[in-house]
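Notes follow the structure.
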Amino acid sequence: MHISAKADYAARALLELAREPARPLTCEAIASAQQIPFRFLKSVVGELRRAGLVRSQRGCEGGYWLGRPADAITLLDVARAVDGEVLTLRGEALGDLDYPGAATGLPGVWRRIEAEATAVLGGTTVAALLAAGARREPAAEGAA
Numbered sequence: 668m669h670i671s672a673k674a675d676y677a678a679r680a681l682l683e684l685a686r687e688p689a690r691p692l693t694c695e696a697i698a699s700a701q702q703i704p705f706r707f708l709k710s711v712v713g714e715l716r717r718a719g720l721v722r723s724q725r726g727c728e729g730g731y732w733l734g735r736p737a738d739a740i741t742l743l744d745v746a747r748a749v750d751g752e753v754l755t756l757r758g759e760a761l762g763d764l765d766y767p768g769a770a771t772g773l774p775g776v777w778r779r780i781e782a783e784a785t786a787v788l789g790g791t792t793v794a795a796l797l798a799a800g801a802r803r804e805p806a807a808e809g810a811a
């Protein structure tokens, strides 16, 4: 299974936005905090905005905010916003996949993998990831 750079960067951007939801963040600030290439992030954030996962405001007081509460945004939402399908085979959806002969059972395996991945991604919210990261940070600081 392949997790695209777009999906990874999009999730990381949303986590940055969720950390301080009351104030807007610029793409520059997000890119710097997450060490993401700015130009790539700019296009990813545009896709998130079109999907309603972030909202934006221009001007000196502008930037980006979450488009809905962090507990209402799942990794499945993120993946679908930037990549479309969760799992594809040679760029095609798995729905009508059918093989002849000895390979007849293989499409069912691919669909099970897709279902499991969809369940994990759909059951993981930005808020839960942020909370899990917050629980880990003090231990990481103490270990330094």
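Residue numbering for the sequence shown is 668 to 811, as defined by this note's numbering.
For every residue, glycine included, the Cβ atom is placed at its ideal position computed from N, Cα and C.
Predicted, not measured: the structure shown is a model, and the values here were computed from it.
Considering only DSSP beta bridges, list what residue i is partnered with.
i, result
"Leu756", "Glu759"
"Tyr676", "Tyr676 is not bridged to any residue."
"Leu692", "Tyr731"
According to DSSP, is residue i part of a helix, a strand, or is it coil?
i, result
"Leu720", "coil"
"Gly730", "strand"
"Leu681", "helix"
"Thr792", "strand"
"Ala807", "Any answer about Ala807 is weak, because its pLDDT of 41 lies below 50 and its placement is not dependable; what the coordinates show is given next. In this structure, Ala807 counts as helix in the three-state DSSP scheme."
Pick from the options: whose alpha carbon is nearest that of residue i?
i, options, result
"Ala677", "Pro688, Ala696, Arg690, Leu742", "Leu742"
"His669", "Thr755, Arg778, Thr791, Arg722", "Thr755"
"Arg735", "Ala786, Ala801, Pro688, Ala799", "Pro688"
"Lys709", "Arg690, Glu728, Leu681, Leu761", "Leu681"
Residue i: buried (16+ other C-beta within 10 angstroms of its C-beta) or exposed?
i, result
"Tyr766", "exposed"
"Ala811", "Because Ala811 sits at a pLDDT of 40, beneath the cut-off of 50, its placement in the model cannot be relied upon, and the following sentence gives the value as read from the coordinates. So Ala811 ends up on the exposed side."
"Gly730", "buried"
Assuming residue i and residue j form a contact by the criterion Cβ under 8 Å, report the distance between their Cβ atoms to the nearest whole angstrom.
i, j, result
"Ala674", "Asp750", "6 Å"
"Glu695", "Phe705", "6 Å"
"Val793", "Ala737", "4 Å"
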